[in-house]
Every structure is written in structure tokens, then in C-alpha cells.
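Structure first, commentary second.
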Amino acid sequence: MTPPRHSQFLARDSYRLRRLMDAVRLLPALGLLLFLLPLMRRTETTQTVVPPSSPGTPATAQEAVFLFLVWAGLVLAALLMSRGLRHALDVPTRADEADKPAPEE
Amino acid sequence: MGKRVLVIEDEPNISEALRFILRRDGWHVDVSADGADAMGALRRDPPDLLILDLMLPGLSGFEVLRVLRDAAQTRDLPVLMLTAKGHAADRVEAERLGVTRFMTKPFANAEVIAAVREMTQA
Amino acid sequence: MSFNYLVLTCLAYVILLFFVASAAERSAARGRAGWLRSPLVYTLSLSVYCTAWTFYGAVGYAARSGLEFMTIYLGPTLVFVGWWVILRKLVRIGRENRVTSIADMISARYGKSNLLGAIVTLLCVAAGTPYIALQLQSIAQSFTVFATDPTGVELATDRNLIAFWVAAGLALFTIAFGTRNLDANEQHPGVVIAIAVEAVVKLLALIAVGVFAVWIVAAGPGDILTRIDAQALPEWQIQPGRWTGLILLSAIAIICLPRMFQVLVVENTNDQHLATASWAFPLYLFLMSLFVLPIAVVGLEVMPAGSNPDMFVLTLPLYLGQDGLALLSFLGGFSAATSMVIVASLALATMVSNHLVVPLWLKARASRNRDTGDMRLLVLSVRRLSIALVLGLGYVYYTITGGSAALAAIGLIAFVGVAQTLPALLGALFWRGASRTGAALGLTVGAALWVYTLFLPSFGPDVFLSAQLMEQGPFGLSWLRPYGLFGVNTLDPLLHALFWSLSLNALVFCVGSFVTFPSPIERVQAALFVDIFDRSGPARSWTRPVAEAEDLLPMAQRILGVSEAQAFFSAQAELQGKTGFLPDITPEFLDALELKLSGSVGAATAHAMLAQSVGTAVVSVEDLMAVASETAQIMEYSAQLEAKSEELSRTARKLREANEMLQKLSVQKDAFLSQISHELRTPMTSIRAFSEIMMDTDAMTPEERTHFAQIIHDESIRLTRLLDDLLDLSVLEHGQVQLNLGPVLLSDLIDKAITASNSVQGDRKFRMLRSRDGESVQIITDAGRMTQVFINILSNARKYCISDDPQMQIKVRRQAQLVEVDFIDNGAGIPRDKQALIFEKFSRLTDSMQAGGAGLGLAICREIMHNLGGDISYVPGQGGAAFRVSFPLDLSAHMSTPDSHDTTPAAAE
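First to last, the protein sequences are chains P, E and W.
Residue numbering for the first sequence follows my numbering, starting at 119 and increasing by one per position.
Residue numbering for the second sequence follows my numbering, starting at 3 and increasing by one per position.
Residue numbering for the third sequence follows my numbering, starting at 161 and increasing by one per position.
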């Protein structure tokens, strides 16, 4: 019989939260990378295969669909991450505990 | 003897008692209830001995003593200081200012007379 | 569609907004701002980013350049999805420091420097004015589109006139809701809610037109994609330089634009809202952009050649006979323009008043006199004037440029202008070494380059810069040409300006910071800003008490308003464990006060004002150095150590206070014991002396014997009375007194007291002036104790009243449940400096024998009156000694009410 597998992690939640903070910091970089992708399209001089659209005209529709999909993906990712990160705002991590209530609140 | 003593004391009953026992011992006794009033007489015509109360209206006993010790003609005047306050610090202050003897009230009459004799003979 | 109908619709819409805004203000004032402060409203208010330039211009942009219009929204999207990095810190710092504008933020971070505040303000006004003009233009233009009949003949409308009325109306609205009060945290629920409503309207309008274009005119998304490719022009090809540059630029703008800063930071109430906005605002931008290209494509296809694509959103439905849709679209554009103008003018006006006008005014006034006058009213008036001024500038700009094509590009030009604040702002957030000098130099260089390479040339040749200068550079120095600095000729003018201004700005900022030394206050603020998440609580910049709370309260009242200032002071006093309105002037209190004031007048001004009020030697350089290095050191260690040391110093202060209190009590006790000793020994001295005399004197006359015995007897009585008094006082003070309550007539008590006191110096005849009517009051109290007090007062009068014709006046007054009895004699009264002393123990004013007491009488009276639920006081200026005895009409009823002011446990039973 194998013993039940225990997680070696003690503070799973706060570890997860910190990785989530890493992820949210990376998100704009990823977004920028994807937003810059249309710049790397093939041009006449570099084409190796037949282009989908007639040469000389930009593939605006295709690019628009791509950009809006990336955009929607970013919104979705931000939505999911902000849910997790709320906990970090609720329970201040460190010295925030000493946060005195502001006089007017 | 005919020696003169000045008593500065604001409680009339106490000064009357002092007057009685000193006169009985052969002294000529003057009484004043106010330090400031007595100062003039002290300077003009110093007595042989001064009995001084500490708590006085107006000038306090300490102040009277300080002025006396500053003036040449009263620098060596024997002064017996009496106090009804029970402060050790008062004795220290009085000695610093150059008091000759320091006694607390209530006193034994015999003690006062003995002290007065001792002070004037020395 | 009739022009008047259009105007009426606008008016109705504005009235609706007005109603919504004032309803919001009212419920915020009642403290029910919960729904006003929801994350949704916050997100919607951020949509001031989408101006008329977005609403109308994006379609035109798309028609001309394809997908490039998206860059304006992609940048902000990236900033928001990455909110954890910059925005979270920006918002937190802004909120905790009560920052009122971007100028205030930069000024506060760099040592509360007014110079920086002024530079940023000027820059923002320069960039913002044309932007406001652009909004006025778009509204005027949309009016004319509607008022043009289908044949293309313009109806008689004066665009300038429309722009004027729009500007005036918006000024009125902004003043009404933006400067209603000088709020401590500079938040405007009315404005925010109106902006949120407008955000919904403009989004719905654009989506409605988009749906119309995609599903009614075209045959759905697939069809639209085909049409897009069919319409695509070679110019639509994405240009790598502009694409990247504009994404970067718009990302910067969303942080730096004054109006964005206003809604994003200043109006923020909660970090949670930002968490929601991190995805909801990109979603809003997504929806705003989704239909831009379809509308542009359909417009290009359907509309007659030569139509202005900037107006497609409006003209397309109009052309296709959809008047209702066109009207909705018109309202959407109107919303976009007005919301931008309102927030921008509010933000700019705050900056102008806080960083230009008020500091100048303070400076001018400081040289004349130090009276601050009503600062509140001044700041509000300045704020209002500034709003009118900013909008006036926008209007003047519009009429002068006459809605030229130059305006079309002004949005991006303004972006580059405000982007100059980025290095200083990022430095403020992340770099402790950033210095004021560096920031000022960087900002100046960046702003100058922006003006030279982009702003002035944008007016067209020969307006500000001659065509010759544009071609050949100043003084024939071709490497200084505005569009080709240092020989870089191949760049797009916008990117050229962005590159040079921002990179030189950043370079000068960094180098300036490297080579200069920050002032101590800068270092404190730097640590406070950069390490915002590591420690909480305000910066420590006030080191020692130098002013009285009494002096600071009036000043605070002038700025915050009377009730708010008093509430703040008493709350602070309570925090320190004190009651009343005057807290101790601790550094913590001064910091809190400065923070509070800075919410109204900005950090630099608040600091200057407090500095002025607190005195010339506010905080010496040494003090600041000490604090700065100390604070810096403590922060180096850890936030916890910081908290510990604060707690330690707080405890130490409490201990010190307790110790001082104990010492004071001990001194009082020593003095009391010494007094008792004196009072006891004095009669004992007489007794002992005379009894010894009687014992050892043989020859004594019977008269003498009787006299001495009398003295001994009198002194014994004096001793007894003293002991009685002391015992009485002790009992009264410790509240162990038994009160015999019963109904009694006040006049009876007074009669009894007069009779009893007649024995004192019985040979003196006192005239008693009494009023039987007034005295016939039935009271419930301890009759014996009350009489004791009256006797004491009357006996004192008999002893001390020096008048030849002595008289005593007794006045009784009833006030609800309180009775006051005044005893006034016609003697000399009590000297002012002694009045406070007479109720203290052993406070005889003259020598003892005349008084015949130990000086405990009035002290006992006071204790009795406290036990009887009343008080005794000396009333000066009555033409003699006047004592007022006040007590409750019914002591038994008085004692049963819990909030009575009894001082003793016995009476409170």
C-alpha cells in the first residue's frame, strides 16, 4: 500500500497568490508581444508561399480578427486574475496590517 | 544683663509666650509680626539676638535672614529660627543661609532659653 | 430635422444629467454613497478617455489608415491588464496622500515643490486647451451636420456661437458639481455619476450604429469582413513605427492625462475598484472599437464620395433615413465631448488654482500681513474662475484656429505633451534616487522640445514658426529643424517629437538626479512613495511642537470649514486620548493635519501654509536631516521595525506623561502635608509653651493665670476645628459622605445661615438685601450641608468685607432644574490673580488670625457642592466679593440620571 500523497507545501494559498502576481505582471508583456505580431507579416519580398490575399493589399480583416481575439483574451485573463488578486487586496500581505484607518473614514 | 532680643513672629500667642519666658530670663524683648517692618529697626539698631519665624506674611524668614547676612552690621547677629513646617529641606536651606540655630515648633521653653544663652555667650 | 428640436434634445439631456448629478451629490452628502462608489461606476467614469475624438474621429481614422486607430486603445488595455505593476501603486499613493492632481502628485513626491507643480500645470494646460477646443469643435460640427439639409446647403448656424454656448454651459455644470465644496479628498460624486451615465450613452450609441451597419446595411460579420478586404487601401497597411509608437504613446497617456488622473486616482476610493476596472475598462474599450472599422467600411461604400469620414457615425444613419439612430448617435458624441470637457476642465482648474494662483496669492500676502482670511472661499473662487478660464481658453483657441484641420491631430499632440510627465511620475513611483532638480530639468527639457518639435509646428507654417525655419532650421542650422532634430529626418513628425522629447527628458531627469542631492524632505517623501506597500502611515516631517493647537484650529477652519475642522481636531484629540478640540501638537498630528489640508489645497500649499502658521522656524534643516536619515534607516531595516519603534515611542510618551502626572501629584501631596503640619504645630506651640509657663512659674498673678488658660483653651479649640475640617474634607473628597435628602424651603436655609453667621464679629451690622419671593423655592437636598456652605460664605463676608456700611445681597435664580444663589457683598472683592486660588486648600489670602481658620472653608464648600450635584464659583466684577452657588432643584432626581456631572461615587449612587 502506498501512503496517501501529501503536499509538501505549507502555505499553498499564499504561494499561489504570489505566482498570480507574477502572472499579472507578465500579462501586459505578453499582450504587447501579440499586438506587435501583425508587424511580422510576410511582404512581397519575403514571401515563400502564396499569400492569402492578393499582393499589395493589406490583410486588414484577418489582422482585425486576430487583434480583437487577442484583446478579448487579455480581457478574459485580466478578469480571472483580478478575482484571485482581490484576496491580496482584502488581506494585506505584510506591513499593510498596520494600516491605520484614515481619520475621515 | 539688659540684653535685647527681637522676636519676629506672626502668631500673637506664640510671640506672647516667647516674650514671657525671655523676659523672665532677664531679656529686653521687642516683638514684630512682620519681617519687612522689622528690617528697618534691625539695620538701624541691631539687637543682641534675633528669634525668627520661618512662615511670615510678606517677607519670609529665609528672605529676612538673607538680607541680614548681606549687611555688614548684622552679618554676625545670632539668629534662632523657628518653624512649624516639618521639612528637613528647610533646615538645610536655613543653614546654608547662615542661621545660628534652627528649632521646630512646638518647642520646650527650657530648650529655647538654653539655646539663647548658648548663642549669646559664644 | 429641425435645429431647434436638436437644441431642445440637448437641453433635455443636460437637464437629465444635472438631475442625476445632484441626486448623487445629495445621497453622497447623506452618506449613502455606496452605489455611487461601485466598481462599475468607477470603470464607467474611466471612459472619459474616450472623447469625441474617439467617438467621431476613430471612424475617420479607420477610413484613412485602417487598423491604426486601434493603437489608441491597445496601449491603455495593456496598462490596465498590467494594473498590478503601475496603476495599483499610483492609485494607492494618490489616495493615501490625498493627491489632488498629477501636478500635486509630482510636486508632493519631489519635496512638495511648488516649482514642479507649476511646470506640470503649465504643461497640462498647454496640452489640454487645444484638446478642449477639439471637443467644442466636434459638438459644433455635429450640430451643423444635423442642421444641414439633405441637399448639402448649410442652414444659418454660427458654429462659433454654438461652441460658445456649449462652453458656457459646460463651465456652469462643472462649477456647479466640481466646486460645490472644497472636499477633503477632492472627490466629486456628482461629476463621476454624470460621467458614468454619459459613458453608457456613448457606448450604446456607437454599438447601435455599429449593429445597424453590420446587420442592417451589411449582411452580418462575414459580409463585413469581405467588405473590409474589398475596401482596404494600401495606406491601411500597418506601419511598424507608428503602430509601436502609438501603442506606447497611448499607454503613457492613460496614466499621464490630467483628466485620466482625476478619475483614475483622485476619484478612486478603493483598490478593489481598480481590480474590477483592470478587465472591465479594456472590455469597454474593446466594445468601443469593435464597430469602428465596420462603420468606416460601410460609410466608405454607401456615402457619396467626398463625405467627411470623421462624421460617418452621424451622417451614415442620417443618410439612410434613420433619424432616431442619428439622434442617439448625436447624443453619444455630445456625451463623449461633454464628459471630457467637464473632467478635463475640473482637473486643470484644480491644478491652476492649487499650483499657480494660491501659491502666488500666499506669497503676495505673506509680504503684507499674516492674516489668512477665509482661505476656503478664496480657494473655491479661484477654482471656479480657473474652470471658466480653462474653458475660455479652449473656446478662444477654437475660434482662432477656426476648426482648422490642425485640430484633427491635436489629440495625439496633446498625448505627447502630457507624456512628458512620465519620467518624473515613474521616478516618483519606483526610484528613490529621483530628485527634484532632475525632475524639473527633465520636465522643462521635454516640454520645450514638445513645444518646438510638435506643438508650434502643428499650427501650420507661418503661425508661430515661419516656413523658412521649418525648412532650414533656426539661424540656418539645419540640424535644429523642428521636424528633423540632430539630422534625424526620416521619422514621422509625431514619432520624431515623441522620441526626442521623451528620451531627452528621461536622460536629463536621470542625469540630473544622479548629480544632485535631494533635500531631506524629498528623501522622506521618496521613501514614502516608493515603499508605499511596505509601510503605512504618513511621512514624518514635523519634528517638534512649535505651534499651539489654538493657532492651528482657526487656520484649519478657514480651509476645511468650521464644522469639519473642529470634527477633525476633536477626532485627533480623541486618538491621543484627550477630550476637547485641542490635541497635543505631536508630529503625528501635524502630519495628519497637513494631509487633511493637502486634500483641499494641494501638498505644497498645505505644507507652506502649515509652515507659515507654525512659525518661522518651522522645521530646521537639522531636524529634517535627522528625521530623513532616521526614517530612511528605519525603512532600510523593515516595516515591522518601523511599526515597533513607533509603538515604542508612543508607549514612552505615555509613560512620560504618567510620570509627570505622578510627580505633580506627589508635589501636591507634599505641599498639603507640609501645610497640615504647619497648621497643627502652630496652635500646639502656643499650648505647650503656655502650659510649661504655668507649670514652672511660681509667681503669677491670677489675671495672668486666667489669660494663659484662655489662650490654651482657644488654641485647643482651633486645633479641634482644624482636625474636624480636615476630616470633613477627607470624607467629602472621598465621597464617603452620607447625604440626608429631604424637601426644604430655600429661604429657611438662608435664614438659618444668617442667624448662625451673625456671631462672627458680632459687633458689625450687616444690611441684608433679600428677595423673599425668589427665595421661596422648594428644593430637595441635604439641608445641613447646604446651610454649612451658606454659613461659610456669609461668615467670610463678615470677616473680610471692609466696607464701613457693609451689606450683603442674596439673589436667587431658577433655570429649569437648576437653582443659582448669588451672595454679593460690597467690599473690595478678591483680586483677579487670587480668584483661581480661593477654592484650594489652605489658601488664606490674609494672615491667619484675622481669618481665624486654616483656609479650608471654601475648599470644603466646593466639595460639599460637588457632593450635592452642584458647584460654587466666584463671579468677578459684581462690585464686591460675589459667590455663586448652583445646585439641582431636586437632588434625588438629579442623582438618578446617569449623565449627571457628579464627581463623586456617593452622589452617583
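Even for Gly, the Cβ is constructed at its ideal location relative to N, Cα and C.
All of these numbers come straight from a predicted model, not from anything done at the bench.
*Considering only the beta carbon of each residue, do A588/W and A594/W sit closer than 8 Å?*
Yes, the pair counts as a contact, with Cβ atoms nearer than the cut-off.
*asked:* Going by C-alpha to C-alpha distance, which of V827/W, A354/W, I910/W, I745/W sits closest to S495/W?
replied: A354/W
*asked:* Tell me the DSSP secondary structure of M1087/W in three-state form.
replied: Given that chain W is displayed from residue 161 to residue 1069, the structure contains no residue 1087/W and the question cannot be resolved.
*asked:* Against E120/E, what residues of chain W qualify as contacts under a CB-to-CB distance less than 9 Å, listed in chain order?
replied: In chain order: nothing, as chain W lies at least about 19 Å away.
*asked:* For F832/W and A19/E, what's the separation of their Cα atoms in angstroms?
replied: So the alpha carbons of these two residues sit roughly 28 Å apart.
*Is DSSP giving S1033/W helix, strand or coil here?*
Residue state, collapsed to three classes: strand.
_Quick test of your reading: L901/W and L840/W, contact by CB under 8 Å. State the CB separation rounded to the nearest angstrom._
Incorrect: roughly 34 Å between the Cβ atoms, too far for contact.
_Please classify Y133/P as buried or exposed, where buried requires at least 16 neighbouring CB atoms within 10 angstroms._
exposed
_Runs of 3 residues minimum, wholly inside the region 33 to 80 of chain E: which ones carry the beta strand (DSSP E) assignment?_
List check, beta strand (DSSP E) in window: 51 to 55.
*Residues in its own chain within less than 8 Å of F64/E by CB, not counting five upstream and five downstream?*
Around F64/E: L56, E95, A96, L99.
*asked:* For G902/W, list the residues DSSP reports as bridge partners.
replied: T941/W
*Can you tell me whether DSSP reads E13/E as helix, strand or coil?*
coil
*Go ahead and pull the three-state DSSP assignment for H30/E.*
strand
*Run of the alpha helix (DSSP H) containing S267/W, from where it starts to where it stops*: Per DSSP, S267/W is one residue of the alpha helix (DSSP H) stretching across 262 to 269.
*Can you find a CB in chain E that lies within less than 8 Å of the CB of D869/W?*
Before going on, a small fix: residue 869/W reads as Ala here, not Asp. With 8 Å as the cut-off, A869/W does not count as an interface residue toward chain E.
*Reduced DSSP secondary structure (H/G/I, E/B, other) of F179/W*: helix
*Take the Cβ of P108/E as the centre, count every other Cβ of all protein chains shown within 10 Å, and call the residue buried at 16 or more, exposed below.*
buried
*Where E980/W falls: helix, strand or coil (DSSP)*: Reduced to three states, the DSSP call for E980/W is strand.
*For M57/E, go through chain A and note every residue whose CB falls closer than 8 Å to its CB, in chain order.*
In the displayed structure, chain A is absent; the protein chains listed are P, E and W.
*By Cβ distance below 7 Å, which residues in the same chain neighbour Q921/W in space, the five residues on each side in sequence not counted?*
R958, K959
*Which chain E residues are close to P875/W, counting only those with a beta carbon under 7 Å from its beta carbon?*
Residue identity differs from the one stated: residue 875/W is Glu in this sequence, not Pro. Here the neighbours are N15.
*Closest Cα partner of I547/W within the set A976/W, I573/W, A507/W*: Residue A507/W holds the alpha-carbon nearest to the alpha-carbon of I547/W among A976/W, I573/W, A507/W.
_Helix, strand or coil at I745/W according to DSSP, with G and I counted as helix_ = coil
*How would you label R1022/W, buried or exposed, when you count the other beta carbons within 10 angstroms and need 16 or more for buried?*
buried
*Neighbour list for L192/P in chain W, Cβ cutoff strictly below 7 Å*: T237, V241, P442
*Are S198/W and V352/W touching if we call contact CB-CB under 8 Å?*
no
*Name the chain E residues that come within less than 7 Å of I853/W, Cβ to Cβ?*
A19, F22, I23, N111
*Looking at the C-beta of F446/W, does it have a partner C-beta in chain P at a distance below 8 Å?*
yes
_chain P contacts from the region 398 to 423 of chain W (Cβ-Cβ distance under 7 Å)_ = I398, P400, W403, T404, I407
*Which two residues bound the contiguous beta strand (DSSP E) that contains I970/W?*
967 to 975
*From V180/W to F446/W, what does the alpha carbon distance come to, in whole angstroms?*
27 Å
*Sequence-distant residues of its chain with Cβ nearer than 6 Å to Q301/W (five each side left out)*: none
*Within chain W, the residues that A86/E reaches when beta carbons sit closer than 9 Å*: S837, H838, E839, L840, R841, T842, M844, T845
_Assess contact between the region 901 to 915 of chain W and the region 876 to 892 of chain W, defined as three or more Cβ pairs (one per stretch) separated by less than 8 Å. Is contact present?_
no
_Beta-carbon neighbours of I745/W, restricted to chain P and to distances below 9 Å_ = Per Cβ cutoff of 9 Å: no residues; I745/W is ~16 Å from chain P at best.
*Out of S187/W, V897/W, I279/W, which has the shortest C-alpha to C-alpha gap to R945/W?*
V897/W
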